[in-house]
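Each residue of the sequence shown is one higher than the last, beginning at -16 in my numbering.
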Amino acid sequence: MEKYGLFEGINEVIGITAGEWLNTAPLGIIVGDGIKVRLYSNHTRNLLEKSGELFINVIYDPVVFVISAFEDLHEGWFESTEPPVIKNTLAWVKFSARMEGNFAHLEFIQGEVLRKDIRAINRGFNAVIEAAVHGTRYLLSRNPELRDRILYYGRIVERCGGKREKEAFDLLLGYTGIRV
Ligand SMILES: Cc1cc2nc3c(=O)[nH]c(=O)nc-3n(C[C@H](O)[C@H](O)[C@H](O)COP(=O)(O)O)c2cc1C
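What follows is the structure, given as structure tokens:
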């Protein structure tokens, strides 16, 4: 799996499931003894249960993570729909998927590395990802502690991020209804 950028531990990627439309959602692909993903009740899980398939895109774009956390990317975001590939994706993989409890067990079918990108770690990017995780939970609970955490990550985005991270965080504030 390393060839496609997936290493031991949890790999944050964009999961794509096909139904009447292409459904996109950030997912954490867990690589250990096997490959699996924990799925809450969402569109991804419903579609995957029907199709038995999951596509993933490995991509660095923070805006793509935020938009797909809160809605689906429209067709203009894709450079290909068969297989589904979001613009600037580094690698895509197609898995067969079988649900067992709350986990989908994944088996590699096919994949392709499209680009290689060299990039230092940016704390602003990481902070957008953390804020997006809390943001999806905040929408469900409106827990003020989560709001505070999101704003904490926002300060890191402000200090360490580039334009794209700041744009992504701003979108996140809009989706979550948090404005300061
Ligand atoms: C970085 C990140 C990782 C996530 N990982 C998962 C995951 O592993 N499983 C899951 O069910 N939801 C995960 N989520 C939340 C879903 O992406 C979110 O609930 C999304 O709205 C589901 O979309 P859907 O209903 O179109 O499937 C994650 C969110 C973020 C921002």
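Quick reminder that beta carbons are idealized off the backbone N, C-alpha and C, glycines included.
Checklist line | Own chain residues within Cβ distance below 8 Å of V46, not counting five before or after | finding: R147, E150, A151, L154
Note to self: Using only the alpha-carbon positions, how far apart do T119 and E141 sit?
What the structure shows: 21 Å
Note to self: Taking the straight line between their C-alpha atoms, what separation do you get for Y(-13) and E90?
What the structure shows: 14 Å
Check: Using a threshold of 8 Å, is the CB atom of A52 nearer than that to any non-hydrogen atom of ligand 1?
Finding: yes
Margin query: I need the straight-line Cα distance from D100 to K70, nearest angstrom please.
Written below: 14 Å
Next item on the list: Report the residue from E3, I139, T159 whose alpha carbon sits nearest the alpha carbon of L129.
Entry: T159
Item checked: Any non-hydrogen atom of ligand 1 closer than 8 Å to F108 Cβ -> no
Next item on the list: Could you tell me the distance, in whole angstroms, from the CA atom of G59 to the CA atom of I112?
Entry: 23 Å
Checklist line | Three-state secondary structure assigned by DSSP to K149 | finding: helix
Item checked: Proximal residues to A114 (C-beta, below 7 Å), its chain only, five neighbours per side dropped -> I133, Y136, G137, F152, L155
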